[in-house]
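I have placed the structure first, in the form of structure tokens, so that the comments after it can refer back to it.
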Amino acid sequence: MRTVIEDLVEEAERQIRDQTWVPAPADRTVAAKAAADLHAAVGTPQAQQALSAVDRLACLREALADLAIALAHVHGRLAWFLGAAVTALAPVLHWRALSAEDGPTFGAVRPTLQQYEEAEDAIRRLQSTLADITAA
6 MRTVIEDLVE EAERQIRDQT WVPAPADRTV AAKAAADLHA AVGTPQAQQA
56 LSAVDRLACL REALADLAIA LAHVHGRLAW FLGAAVTALA PVLHWRALSA
106 EDGPTFGAVR PTLQQYEEAE DAIRRLQSTL ADITAA
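Structure representation (structure tokens):
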């Protein structure tokens, strides 16, 4: 997940640097809101580690929802960027924090601590890039 997000971010940064992508004012507004929402959803590594598994997963799902909401408000390159980010983070939707109690889980699996950290780091990287898009 982290590698996919890093590749996505590098492509976005390259397009902005090469002026292939010049974010419109409306894109910058959406990017700023998304960056703020992601920051609110997934705080510092220390803050996330202090949370229970249920709360960590809730924060990740909130971040994914924030990206999806931002995606609904844009078109063009920012939409493509956000859509690719949501797709990269889709495994979060298959995670569960609660015990299955010997019942079916609809395919949901318990993530490892490393998977939580990787997803949170990926969201922080997206947040940083969206903040940079705001200034572009």
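When the count follows my numbering, it moves up by one through the sequence shown with no breaks and lands on 141 for the last residue.
Cβ atoms here follow ideal geometry from the backbone N, Cα and C, with glycine treated the same way.
- Within the model, the alpha-carbon separation for A31 versus A105 is close to 44 Å.
- Contact between H99 and A113 holds, with the beta-carbon distance rounding to 6 Å and staying under 8 Å.
- Taking a cut-off of 8 Å on C-beta distances, the region 75-94 touches the region 7-27, as three or more cross pairs fall below it.
- Rounded to the nearest angstrom, the gap between the Cα atoms of A41 and D107 is 39 Å.
- With fewer than 16 neighbouring CB atoms inside 10 Å of its own CB, R22 falls in the exposed class.
- Judged by beta-carbon spacing, A84 lies beyond the 8 Å limit of L94, meaning their Cβ atoms are not closer than that value.
- About 6 Å separates the beta carbon of M6 from that of P96, a gap short enough to meet the 8 Å contact definition.
- In this structure, DSSP gives V114 an extended state, which the three-state scheme calls strand.
- Only residues of its own chain outside the window of five on either side were considered, and among them A40, L43 and H44 have a CB closer than 6 Å to the CB of Q132, listed in chain order.
- With a threshold of 16 other beta carbon atoms within 10 Å, L65 meets it and is buried.
- Between R130 and V47, the C-beta gap is not smaller than 8 Å, which leaves the two residues out of contact.
- Taking the Cα positions, A73 is about 22 Å away from A141.
- When DSSP states are grouped into helix, strand and coil, W26 belongs to the coil group.
- The beta carbon of P28 sits closer than 6 Å to those of I138 and A141, all from its chain and outside the five residues before and after it, given in chain order.
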